[in-house]
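A.B. asks: Chains as they are written, first to last, in our numbering: chain E, 289 to 581; chain G, 289 to 581; chain U, 289 to 581; chain R, 289 to 581; chain Z, 289 to 581; chain P, 289 to 581.
All C-beta atoms, glycine included, are put in the ideal place defined by N, C-alpha and C.
Values in this document were obtained by computation on a predicted structure and should not be read as measured data.
Protein chains: 6
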Amino acid sequence: MELKVTNAQRAEILTQALPYIQQYYGKIVVVKYGGNAMINEELKQQVMEDIVLLHLIGVKVVVVHGGGPEISDMLKKIGKESVFLDGLRVTDKETVDIVQMILAGKINKNLVSLIEQKGGKAMGISGIDGHMIEAEMKDERYGYVGTITKVNTEPVCDLIEKGYIPIVSTVGCDMEGNTYNINADTAAAFIAGALKAERLISMTDITGVLRDKDDPDSVIHCMDIAEAKTLFADGIICGGMIPKVECCIEAINMGVERVTILDGRVPHALLLETLTDEGAGTMVIRDKSEAGL
Amino acid sequence: MELKVTNAQRAEILTQALPYIQQYYGKIVVVKYGGNAMINEELKQQVMEDIVLLHLIGVKVVVVHGGGPEISDMLKKIGKESVFLDGLRVTDKETVDIVQMILAGKINKNLVSLIEQKGGKAMGISGIDGHMIEAEMKDERYGYVGTITKVNTEPVCDLIEKGYIPIVSTVGCDMEGNTYNINADTAAAFIAGALKAERLISMTDITGVLRDKDDPDSVIHCMDIAEAKTLFADGIICGGMIPKVECCIEAINMGVERVTILDGRVPHALLLETLTDEGAGTMVIRDKSEAGL
Amino acid sequence: MELKVTNAQRAEILTQALPYIQQYYGKIVVVKYGGNAMINEELKQQVMEDIVLLHLIGVKVVVVHGGGPEISDMLKKIGKESVFLDGLRVTDKETVDIVQMILAGKINKNLVSLIEQKGGKAMGISGIDGHMIEAEMKDERYGYVGTITKVNTEPVCDLIEKGYIPIVSTVGCDMEGNTYNINADTAAAFIAGALKAERLISMTDITGVLRDKDDPDSVIHCMDIAEAKTLFADGIICGGMIPKVECCIEAINMGVERVTILDGRVPHALLLETLTDEGAGTMVIRDKSEAGL
Amino acid sequence: MELKVTNAQRAEILTQALPYIQQYYGKIVVVKYGGNAMINEELKQQVMEDIVLLHLIGVKVVVVHGGGPEISDMLKKIGKESVFLDGLRVTDKETVDIVQMILAGKINKNLVSLIEQKGGKAMGISGIDGHMIEAEMKDERYGYVGTITKVNTEPVCDLIEKGYIPIVSTVGCDMEGNTYNINADTAAAFIAGALKAERLISMTDITGVLRDKDDPDSVIHCMDIAEAKTLFADGIICGGMIPKVECCIEAINMGVERVTILDGRVPHALLLETLTDEGAGTMVIRDKSEAGL
Amino acid sequence: MELKVTNAQRAEILTQALPYIQQYYGKIVVVKYGGNAMINEELKQQVMEDIVLLHLIGVKVVVVHGGGPEISDMLKKIGKESVFLDGLRVTDKETVDIVQMILAGKINKNLVSLIEQKGGKAMGISGIDGHMIEAEMKDERYGYVGTITKVNTEPVCDLIEKGYIPIVSTVGCDMEGNTYNINADTAAAFIAGALKAERLISMTDITGVLRDKDDPDSVIHCMDIAEAKTLFADGIICGGMIPKVECCIEAINMGVERVTILDGRVPHALLLETLTDEGAGTMVIRDKSEAGL
Amino acid sequence: MELKVTNAQRAEILTQALPYIQQYYGKIVVVKYGGNAMINEELKQQVMEDIVLLHLIGVKVVVVHGGGPEISDMLKKIGKESVFLDGLRVTDKETVDIVQMILAGKINKNLVSLIEQKGGKAMGISGIDGHMIEAEMKDERYGYVGTITKVNTEPVCDLIEKGYIPIVSTVGCDMEGNTYNINADTAAAFIAGALKAERLISMTDITGVLRDKDDPDSVIHCMDIAEAKTLFADGIICGGMIPKVECCIEAINMGVERVTILDGRVPHALLLETLTDEGAGTMVIRDKSEAGL
């Protein structure tokens with residue numbers, strides 16, 4: 289994108305963001321970031337810039353990230369064969385160790401580092417720190433795949449209060465010292481819910497929920513819970529979109545105002561979503577009529 | 289200005305402001321506003337928007353305003369003839385009452401109201417409130433024209449701490465209950481100096497200091513104190529520009545980092561000056577070589 | 289009053305005020321001051337002394353003032369003819385500008401100045417500052433005569449917390465930037481009510497409510513709401529006293545403990561009312577039987 | 289004293305105290321109280337009233353008390369014979385136990401109780417609490433007569449911060465758990481010095497320092513340290529007055545602004561001294577010329 | 289007890305206390321101390337050490353003490369004959385003065401001193417200070433024997449907040465300035481109840497409640513309120529144990545979690561009770577089944 | 289160790305720790321933990337218990353950990369051959385990634401988890417978080433082996449203030465987003481120095497500095513800097529001990545009071561070192577004569 293605007297236009301544009309800034313001032317926005325949305329390096333840089341900017345203008349941004357391909361890469365590197373059961377990776381002790389290392393040691397710290405390069409002040413924690421994400425085994429057959437039993441918001445709130453952008457990697461723990469691999473979408477929904485966040489923005493590498501999966505222009509810009517249920521029933525929400533939309537609904541039921549499945553491939557999608565009247569992806573709200581839509 | 293930018297470009301532009309926002313975050317910027325710079329209603333709206341935006345992104349903006357034509361208008365209305373001596377309006381008791389009313393009652397509250405319409409939180413005070421601007425008579429022949437003897441920063445700091453944008457009208461007071469008309473440029477310089485402000489931005493309706501007064505393109509973008517002295521000696525700084533530049537130097541000597549005589553006729557000049565690499569007008573600094581310029 | 293007391297007697301008198309001081313320590317007392325009560329300069333000085341003294345001994349005094357003759361004087365000065373409708377001044381834009389200037393610019397700052405001369409620490413604000421008094425047009429026929437829609441107590445509380453005596457001028461505002469002339473008695477009642485003040489003291493230049501309007505000795509020292517209603521019905525409360533007593537009742541209904549219509553012509557009437565067993569004027573309470581009277 | 293003043297005069301008198309109240313607002317005043325000044329019950333009630341009043345109007349009063357006749361009475365009661373050496377009571381273990389009981393258990397708590405009856409909020413501590421007054425034996429021959437080695441102001445400051453009037457009984461302690469009888473004048477001087485008090489007022493039952501010991505009208509109202517030294521040399525300061533004036537000088541040398549030996553037999557002497565232009569007794573200051581006297 | 293443990297064992301033992309420390313961290317524990325439990329000097333030293341240790345490891349210890357034999361000793365010393373009525377000492381004015389002196393002046397300060405010798409930071413107050421224990425006469429026939437009408441916890445909480453171990457002597461007061469002798473067990477129960485303490489530990493010189501009063505091995509280690517009632521009915525709780533157990537029940541009814549009548553003759557009984565799985569004495573709880581016992 | 293002590297002895301032992309607890313109360317103790325000292329699982333559990341205990345009794349413990357054999361294991365697993373130069377592992381980008389993952393993702397979180405299992409509240413951060421450890425390349429030939437340029441203590445202090453035990457993994461960062469492998473002993477010394485810690489305790493798996501390297505009984509219990517220099521010169525401090533002792537001296541020069549090279553193979557060595565009069569290893573202090581040794 290070649291951008292030719294005068295500084296006068298820059299200033300004009302900044303002031304047009306004013307009502308949006310006022311709307312989010314002091315509010316908590318949880319950004320779920322991960323998977324394929326993390327792959328493009330230039331986009332990653334932009335996401336970090338957007339987060340630092342939102343933080344500076346008074347939004348309390350919390351980043352929750354998952355892993356993506358780096359886990360598989362490392363497992364491959366050490367010659368560990370991946371076994372899947374019901375679509376879930378069977379996670380033995382050695383695997384969960386790798387998951388923890390990649391999430392809490394590599395991706396987490398790299399995100400912290402990127403944010404600091406953009407001038408932000410970040411601290412990276414995992415669900416183990418301050419016993420933030422308590423979990424238990426979903427099913428013994430899957431090994432250390434965890435179900436969240438409790439989210440303790442204190443560590444995140446402590447960091448926000450001290451002026452840091454909290455970057456949370458989604459591994460869970462229990463009182464016996466076990467680590468669990470937690471689905472990042474679920475973790476983000478639980479964390480946003482426990483924080484009673486204003487918004488949960490889930491950054492993906494897709495266009496959003498499509499009414500016709502073959503037509504990228506058929507994206508559903510906004511749906512409420514009732515509509516989502518119909519779309520589930522009609523098979524329009526299908527495949528990998530099912531758990532994503534379910535997480536959205538779960539977050540709303542736990543008290544989040546609005547949840548967006550955001551197309552992270554759009555440059556500065558985060559700012560577009562929060563500081564302009566445009567959005568890329570699908571927003572889920574509790575009840576359209578109640579929201580006057 | 290017809291502005292056609294996509295939202296993507298908006299977002300891009302917002303992130304480009306990031307380093308500037310970081311530079312001013314938590315810093316005090318005193319904006320002197322008044323006189324002819326206040327006349328154009330559309331520009332006034334923009335100045336207010338700019339101030340609210342700067343406040344929201346963490347800049348501690350303090351507005352210091354003078355009066356301008358409204359004082360003369362009101363004096364004319366009540367049939368009071370204006371007498372001038374050495375270029376100063378001879379200010380008897382009735383005149384200083386009108387000055388106080390117009391500054392503290394009309395202009396001050398109108399600015400507060402404008403800022404609140406833009407979503408800001410402002411409180412308007414005068415140099416009398418909290419005994420902020422202590423003054424004495426400059427010369428009996430001029431009547432209640434005051435010289436500042438002391439600036440008490442507590443009222444302004446109290447308001448900043450409580451989250452308000454302080455709007456200060458430049459009347460002074462003494463322990464006997466007299467009110468004095470204070471030159472707004474001088475007052476702004478003293479207040480910025482007492483606050484050890486990062487910047488003093490004096491909004492005017494001129495292009496800045498011109499090397500050739502007939503050539504608007506000959507504006508001097510930056511000068512230091514030594515250069516200013518030469519320009520005074522050479523008669524290049526002349527007329528109404530003399531006291532303005534003297535105020536700039538005074539403010540720097542009292543501890544302000546940088547002072548700008550800003551051309552307020554440029555739309556969003558305040559944002560341009562603080563959040564882009566462009567400026568409109570003349571900046572004065574202590575020492576160019578020391579600043580690496 | 290020629291006062292010949294020994295210092296020993298002074299000390300004795302100070303200690304006799306002890307139980308009264310304890311009663312008001314830390315409590316909010318709203319003093320409505322204005323109109324004819326402001327005219328006598330010596331009395332004005334005493335009122336200010338009383339306010340500073342009350343502030344020093346731990347009472348949270350809030351002064352709410354109206355305008356009085358100075359508005360009419362200024363309107364006359366600029367040759368504006370006053371039109372009245374249903375007893376209210378028809379207030380066009382030019383008139384409300386004058387009202388704002390006189391209230392917020394002249395009277396307000398003069399009161400601040402007087403208090404500071406007595407050693408107090410005051411800050412003068414209007415209903416516009418911090419959007420304190422939100423209002424709307426009462427009736428288009430009257431122009432900018434306002435009805436209060438909401439009182440935001442934050443600005444007053446912020447000033448009290450920072451150690452200032454807040455001096456409030458009674459102009460209101462709306463979100464469109466209009467200013468409204470607000471009846472000062474009503475404003476004081478709403479502010480006292482919103483602050484859940486211990487007391488509202490309305491300083492007037494009359495003796496109080498008289499049982500026989502021609503007999504100044506027939507003053508009713510205390511009435512409750514039920515009695516007031518009977519007195520309204522019997523026509524004993526009449527003329528200008530009607531809205532005053534209605535304001536008292538409104539304040540009580542909004543949560544003020546006691547309201548007094550105080551004869552401000554009595555020297556140090558404020559201190560007499562608060563720090564002695566004597567009062568000058570008429571006190572209104574919710575229910576005499578409930579108060580054990 | 290039969291006092292016939294109107295309430296109007298009361299109010300007038302209260303406002304005349306205004307400048308005095310402003311002078312002491314927020315300042316620490318240490319009142320040494322004890323000995324014969326405590327005997328008259330009516331005067332004691334007045335002293336307590338004065339202290340509560342001073343506390344309420346913002347003075348940080350600290351009361352330091354000694355013992356007086358009650359110690360001798362109790363020793364007599366238990367049949368303990370008093371032995372004196374160099375004018376000091378030889379204080380064996382049993383005696384110092386009695387001293388501690390009377391001071392910390394009887395007089396201290398009775399003063400606390402009196403202040404609370406007057407509506408004040410007091411807490412009584414001894415030099416043992418929080419290890420406030422550290423002491424060592426003056427001379428083995430005198431037994432548990434102590435010399436102050438250190439005053440820890442933290443306990444007093446903690447109580448002031450929590451809103452209590454601290455009442456301090458003058459027993460000292462050491463790290464071995466011994467209790468020492470401390471001269472109350474000395475303790476008060478050390479405490480006032482350590483607190484950098486604005487004033488130390490030592491309440492006695494005498495007229496002050498007399499130029500002619502047989503002429504009660506020859507009281508010296510004010511002296512500075514240099515003058516005191518001459519008066520010592522000339523034998524005019526003599527007898528029991530010597531240690532009292534020495535304590536005054538010591539307190540001044542430790543940083544107290546002004547010290548007064550006050551005639552506690554004068555009703556409300558404390559208020560007279562602080563809130564009027566009259567004083568009863570002798571004031572000691574550092575240097576008259578420096579104070580402009 | 290000759291103790292031969294290696295330092296390695298010391299360390300091991302310290303870590304075994306960890307779960308107990310965690311259980312009481314930040315909790316309020318009221319220790320009633322007095323009477324015969326105070327007599328043995330070595331045990332007293334140990335109790336003080338235990339209190340300082342508990343304080344250091346984060347327990348909020350409040351010590352409430354009574355008097356014991358020292359009151360009788362002093363009364364005997366001054367030749368005052370003790371008269372008893374219904375088992376209560378008839379307390380005339382002279383007697384209550386002695387009680388106040390011994391409790392608030394002697395025992396209280398001696399405990400403060402002991403704690404400070406062990407390195408603790410203590411402040412000793414009585415029920416008079418800050419009007420903590422308000423009381424009234426139980427029956428005129430007993431004189432100044434008091435019944436508690438109200439416990440004001442503010443003084444104790446203020447001291448805890450400032451880091452002191454509060455040591456409270458159990459004399460009560462009323463608004464007329466009278467002092468009352470208050471039963472220390474009752475006072476401790478009321479104070480623990482008003483503080484909603486985690487535990488009340490009453491240190492005695494007995495083994496606890498015995499099922500067979502002649503068999504010291506028949507101690508009842510734990511009982512709930514229902515059981516206590518049966519034991520009262522069966523006459524097993526008898527004599528001096530009756531009021532003690534009644535106090536325990538009262539404290540539980542006011543909100544204390546657990547109450548223990550502790551055998552203070554056991555060395556470091558306090559630490560045993562709180563930091564090991566062993567206890568010496570009888571614990572009373574609300575309901576065994578509810579507690580899972 | 290079979291330990292047979294009675295609870296009475298336990299209590300006795302707890303109180304004997306009192307003076308040690310008081311000595312460290314509120315002080316910062318940095319514990320460097322890593323390498324071989326981490327291998328024995330039972331010892332690791334004990335170290336964690338010791339840390340939680342120290343934290344609970346008021347010591348501000350900061351844990352700084354390195355890596356040890358797990359880094360080599362992982363490198364071996366992924367088939368990366370280790371190249372050494374001047375005794376330092378040549379660290380290319382892939383290697384430093386593994387280092388970061390193991391340190392910040394595996395070891396760090398495992399330590400956090402262990403501490404939480406013991407009931408502590410911990411948060412694990414790396415030198416990247418909050419830009420805590422700023423570093424630069426030591427020498428291009430070694431790759432990403434870093435030299436510390438600055439330690440920012442804010443993140444550690446923020447966590448302490450919020451009640452967490454900070455667990456710091458020693459990777460450094462620069463403004464370009466590079467990660468550096470930092471020697472853990474050096475990092476611990478710099479962090480302790482920047483925090484002005486009371487103590488730095490470096491846990492190792494050796495006996496301490498030996499006077500005769502073949503005689504484990506020849507351990508030097510205490511040395512000062514001057515002695516250390518002689519021991520360097522004499523070749524007594526040699527091999528791997530050289531950098532360790534150099535770190536000790538560096539820490540002392542940066543302001544740490546005392547540094548200990550502690551034999552972590554001794555059970556509960558940390559508690560022995562801090563809470564008893566025994567120590568295992570070698571203590572280094574600034575100056576023996578100054579310390580009175």
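Excluding sequence positions up to five away, which residues of its chain have a Cβ less than 6 Å from the Cβ of P/Glu582?
C.D. replies: The structure shown has nothing for residue 582 of chain P, since chain P only spans 289 to 581.
A.B. asks: DSSP state of Z/Thr441, grouped into three classes?
C.D. replies: Your numbering for residue 441 of chain Z matches position 153 in the fifth sequence. Coil, per DSSP.
A.B. asks: For the alpha helix (DSSP H) that U/His353 lies in, which residues bound it at each end?
C.D. replies: Within the third sequence, the letter at position 65 stands for residue 353 of chain U. No alpha helix (DSSP H) contains U/His353, which is instead part of the beta strand (DSSP E) from Lys348 to His353.
A.B. asks: Going along chain G, which residues have a C-beta under 7 Å from U/Gly555?
C.D. replies: The residue given as residue 555 of chain U occupies position 267 in the third sequence. With the sequence shown as reference, residue 555 of chain U is identified as Pro, and Gly is not the correct amino acid for it. Neighbours of U/Pro555 on chain G: none; closest Cβ ~21 Å, over 7 Å.
A.B. asks: Is Z/Thr518 close to chain P? Criterion is C-beta to C-beta, closer than 8 Å.
C.D. replies: If you number the fifth sequence from 1, residue 518 of chain Z lands on position 230. Output row for Z/Thr518: interface = no.
A.B. asks: With Z/Asp551 as the anchor, note down where its beta strand (DSSP E) starts and where it stops.
C.D. replies: Here residue 551 of chain Z corresponds to residue number 263 of the fifth sequence, with the count starting at 1. Its beta strand (DSSP E) spans residues Arg546 to Asp551.
A.B. asks: Using CA coordinates, which residue listed in Z/Leu376, Z/Asn328, Z/Gly322 and Z/Leu341 is at the minimum distance from Z/Ala305?
C.D. replies: The count along the fifth sequence starts at 1 and reaches residue 305 of chain Z at position 17. Among Z/Leu376, Z/Asn328, Z/Gly322 and Z/Leu341, the Cα nearest to that of Z/Ala305 is on Z/Leu341.
A.B. asks: Would you list, in sequence order, the uninterrupted alpha helix (DSSP H) runs of no fewer than 4 residues that lie entirely inside the stretch 428–478 of chain Z?
C.D. replies: 442–449
A.B. asks: Please name the residues in the stretch 329–360 of chain G whose beta-carbon is closer than 8 Å to at least one beta-carbon of chain E, in chain order.
C.D. replies: Within the stretch 329–360 of chain G, those residues whose Cβ lies closer than 8 Å to any Cβ of chain E are, in chain order, Gln334, Glu337, Asp338, Val340, Leu341, Leu344, Ile345 and Gly346.
A.B. asks: Classify E/Val518: buried if its beta carbon has 16 or more other beta carbons within 10 angstroms, exposed otherwise.
C.D. replies: As a first step, residue 518 of chain E must be located in the first sequence, where it is residue number 230. Here the sequence assigns Thr to residue 518 of chain E, which means Val is not the residue at that position. By the neighbour-count rule (16 or more Cβ atoms within 10 Å), E/Thr518 is not buried but exposed.
A.B. asks: Residues of chain E with a CB under 7 Å from the CB of G/Val400: which are they?
C.D. replies: Numbered from 1 along the second sequence, position 112 holds the residue referred to as residue 400 of chain G. The premise fails here: G/Val400 is roughly 17 Å from chain E at the closest Cβ pair, so nothing lies under 7 Å.
A.B. asks: Do the stretch 567–579 of chain G and the stretch 501–516 of chain G meet, that is, are 3 or more Cβ pairs less than 8 Å apart?
C.D. replies: yes
A.B. asks: For chain E, find out if any of its Cβ atoms is closer than 8 Å to the Cβ of G/Glu646; answer yes or no.
C.D. replies: The question about residue 646 of chain G has no answer here: the residues shown for chain G are numbered 289 through 581.
A.B. asks: In chain order, what residues of the same chain lie with their CB nearer than 8 Å to the CB of P/Glu404, ignoring the 5 residues before and after it?
C.D. replies: For this step, residue 404 of chain P is matched to residue 116 along the sixth sequence. So the qualifying residues of the chain are Ala410.
A.B. asks: Can you have a look at G/Tyr321 and say buried or exposed, based on whether 16 or more other CB atoms are within 10 angstroms of its CB?
C.D. replies: As a first step, residue 321 of chain G is located in the second sequence; it is residue number 33 there, counting from the start. Around the beta carbon of G/Tyr321, a 10 Å sphere encloses 16 or more other beta carbons of the protein chains shown; the residue is thus reported as buried.
A.B. asks: Could you name the residues that DSSP lists as bridge partners for E/Cys510?
C.D. replies: As a first step, residue 510 of chain E must be located in the first sequence, where it is residue number 222. E/Met571, per the DSSP bridge assignment.
A.B. asks: Do you know how far the Cα of G/Gly412 is from the Cα of U/Gly393?
C.D. replies: The residue you call residue 393 of chain U lines up with position 105 of the third sequence. The residue you call residue 412 of chain G lines up with position 124 of the second sequence. Cα to Cα, the separation comes out at about 11 Å.
A.B. asks: Taking the alpha carbon of R/Asn471 as the point to measure from, which residue in R/Ile421, R/Lys381 and R/Thr294 has its own alpha carbon closest?
C.D. replies: Here residue 471 of chain R is taken as the residue at index 183 of the fourth sequence, counted from 1. Checking every option, the nearest Cα to that of R/Asn471 belongs to R/Ile421.
A.B. asks: With a CB to CB cut of under 6 Å and the five nearest residues on each side skipped, what residues in its chain are close to E/Cys445?
C.D. replies: As a working mapping, residue 445 of chain E is identified with position 157 in the first sequence. Result list for E/Cys445: empty, nothing under 6 Å.
A.B. asks: Going along chain E in order, which residues have a C-beta closer than 7 Å to the C-beta of P/Ser414?
C.D. replies: Residue numbering aside, residue 414 of chain P sits at position 126 when the sixth sequence is read from its first letter. Neighbours of P/Ser414 on chain E, chain order: Lys397.
A.B. asks: Does the beta-carbon of Z/Tyr313 have 16 or more other beta-carbons within 10 angstroms, so that it is buried, or is it exposed?
C.D. replies: The residue labelled residue 313 of chain Z in the question sits at position 25 within the fifth sequence. Burial call: exposed.
A.B. asks: Can R/Glu534 and R/Thr548 be called in contact, C-beta distance under 8 Å?
C.D. replies: Translated into positions along the fourth sequence, residue 534 of chain R becomes position 246. Translated into positions along the fourth sequence, residue 548 of chain R becomes position 260. Going by C-beta atoms, R/Glu534 is not nearer than 8 Å to R/Thr548.
A.B. asks: Let me check one thing: in DSSP terms, what residues is P/Arg499 bridge-paired to?
C.D. replies: Translated into positions along the sixth sequence, residue 499 of chain P becomes position 211. None, per the DSSP bridge assignment.
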